[in-house]
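Numbering (the working numbering), first residue to last: 4 to 283.
Cβ atoms here follow ideal geometry from the backbone N, Cα and C, with glycine treated the same way.
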Amino acid sequence: MENSGQFTPTRTAEILRSLGHVPSKKLGQNFLVDPNIVRKSLELAGVEEGDCVVEVGPGLGTLTGALLSRGATVYAVELDKSMCAHLRSYFAGEKNFSLLNADAVDFPLAGLPENCGDFKIVANLPYAISTPWLDAVLSGRLPSRMSLMLQREAALRFAAKNSSGDYSPISIFLSAAYDVGAARKVSAACFFPRPGVDSMLLPLSRKECPRIFSPRAKSLIRRIFSRRRKQLGSIAKGLGGDSETVLGWLGASGIDPRTRPEAVPPPLWELLDKTVSEGI
Numbered sequence: 004m005e006n007s008g009q010f011t012p013t014r015t016a017e018i019l020r021s022l023g024h025v026p027s028k029k030l031g032q033n034f035l036v037d038p039n040i041v042r043k044s045l046e047l048a049g050v051e052e053g054d055c056v057v058e059v060g061p062g063l064g065t066l067t068g069a070l071l072s073r074g075a076t077v078y079a080v081e082l083d084k085s086m087c088a089h090l091r092s093y094f095a096g097e098k099n100f101s102l103l104n105a106d107a108v109d110f111p112l113a114g115l116p117e118n119c120g121d122f123k124i125v126a127n128l129p130y131a132i133s134t135p136w137l138d139a140v141l142s143g144r145l146p147s148r149m150s151l152m153l154q155r156e157a158a159l160r161f162a163a164k165n166s167s168g169d170y171s172p173i174s175i176f177l178s179a180a181y182d183v184g185a186a187r188k189v190s191a192a193c194f195f196p197r198p199g200v201d202s203m204l205l206p207l208s209r210k211e212c213p214r215i216f217s218p219r220a221k222s223l224i225r226r227i228f229s230r231r232r233k234q235l236g237s238i239a240k241g242l243g244g245d246s247e248t249v250l251g252w253l254g255a256s257g258i259d260p261r262t263r264p265e266a267v268p269p270p271l272w273e274l275l276d277k278t279v280s281e282g283i
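The structure is reproduced here in structure tokens:
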């Protein structure tokens, strides 16, 4: 097996032509062709020999080859059937590679077996699935570290602090479980074909005591943020029969009803989750 981490734009174009494959804009297919970014992705995820690694969106196998060369066991999920056929052929006989042809939102951990124990994630995420995929990850088994290739807009939203325009429910859910590292800009020249938007590499490290928000609290926070410019008291009153209950939860969590959702820091939303979960 050649080192797939060394794909160049020319080589990538040749492979795509040989497969008769036109990169899909709908699926966000921009293939990584810079070996330095490949190495940085593995470095930020802390990938070591013997690790179990979930890879989302392997495409032609650029990161996959680098992961396998490092001695990792790779569980990948890829939606595109033609990419899956290529990957199965290219990595035929590779005993440490498992591939699932499915939607990553439905299978965020690529069918990772329970006996893997701790694991890491390396992902090249199309914009359309970045938030629902991460939300799915944050609802179950949590990887120790993640290295996510994202469109700039998604990376800023994930890493956003309260009182910023990008602050959103996913920012809150993520910050409760992970320390978010500094995002690194990735040039469009690192991909083939070149994307029309900026990309960023975002490292995430699981907290010592991560919190997974309850489905009920998640639903409530999303409803609240759908009216993010209004004060929380006004939002609660607009929730119909739930208004008094929600106002009680806010008060028990130390959240001022005169505050707007985007101004409330993550620790108070975590208190709200605790309050909702305990039925106070």
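Asked	Found
Beta-carbon proximity list for E265, same chain, < 7 Å, skipping 5 on both sides	N165, S166, Y170, R231
Completely contained alpha helix (DSSP H) runs for the stretch 221-245, where each covers 4 or more residues	235-240
Inter-residue spacing [alpha-carbon to alpha-carbon] between E17 and G64	14 Å
Integer Cβ distance of P26 from L19, believed to fall under 8 Å	7 Å
Runs of alpha helix (DSSP H) lying entirely within the stretch 64-120, each at least 4 residues, in chain order	65-72, 84-93
DSSP state of A126 mapped onto helix, strand, coil	strand
Pair within 7 Å by beta-carbon distance, R148 and S202	no
Same chain, Cβ closer than 7 Å to L22, neighbours up to 5 away in sequence not counted	S85, H89
Status (buried if at least 16 other CB within 10 Å, exposed otherwise) for R160	buried
Endpoints, the beta strand (DSSP E) within which P206 is located	202-209
Local conformation of C55 per DSSP, three classes	strand
Contact set for L45: own chain, Cβ-Cβ below 8 Å, skip 5 residues either direction	L66, A69, L70, R73, V125, S150
Those residues which DSSP pairs with R263 across a bridge	Partner(s): none; R263 has no beta bridge.
C-beta atoms of V59 and V80 nearer than 7 Å	yes
Outcome for V200 when other beta-carbon atoms lying within 10 angstroms are tallied against a minimum of 16	exposed
Short Cβ contact (7 Å threshold) for L115 with V57	yes
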